[in-house]
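First comes the structure, then the notes that go with it.
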Amino acid sequence: MASYKKWTDAELQYIRSNLAIFSDEELAAKLCEMTGENITYGMVRRQRRKLGIAKARGRRKKNVIVINTESNTNV
Numbered sequence: 001m002a003s004y005k006k007w008t009d010a011e012l013q014y015i016r017s018n019l020a021i022f023s024d025e026e027l028a029a030k031l032c033e034m035t036g037e038n039i040t041y042g043m044v045r046r047q048r049r050k051l052g053i054a055k056a057r058g059r060r061k062k063n064v065i066v067i068n069t070e071s072n073t074n075v
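Below you can see the structure in the form of structure tokens.
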């Protein structure tokens, strides 16, 4: 009989907040490092779907440069 992982609120919040930055595979690796548990790509993907979070289709754009449009001239 398989035992299922009980996800903590902190782990679920980490998935929510870092989903735009990391892929499911990268999130799984980061969570493994943080918790010391074996967390797979499929586990993260399943939790993301349970949370109702859909990822954008297609490949991620790499090396995107974010330009700050606000200028603080009075600093």
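The sequence shown begins at 1 in our numbering and counts up one residue at a time.
We put the CB at the ideal spot given by N, CA and C, even for glycine.
Bear in mind that the values here come from a model prediction, so they are computed numbers and not experimental data.
Nearest CA to the CA of residue i: which residue from the options?
i          : options          : result
residue 62 : 22, 4, 36 and 42 : 22
residue 17 : 51, 5, 33 and 3  : 51
residue 3  : 24, 34 and 38    : 38
Residue i lies in the alpha helix (DSSP H); which residues open and close that run?
i          : result
residue 23 : First-last for residue 23: undefined, no H or E at that position.
residue 4  : Run containing residue 4: none; DSSP gives neither H nor E here.
residue 45 : 41–50
Ordered along the chain, which non-local residues of its own chain (more than five positions away) have a Cβ less than 7 Å from that of residue i?
i          : result
residue 47 : 7, 12 and 15
Tell me which residues share the same chain as residue i and place their Cβ nearer than 8 Å to its Cβ, disregarding the 5 neighbours each side in the sequence.
i          : result
residue 43 : 5 and 28
Is it true that the region 22–29 meets the region 4–12, where meeting means three or more beta-carbon pairs spaced less than 8 Å apart? no
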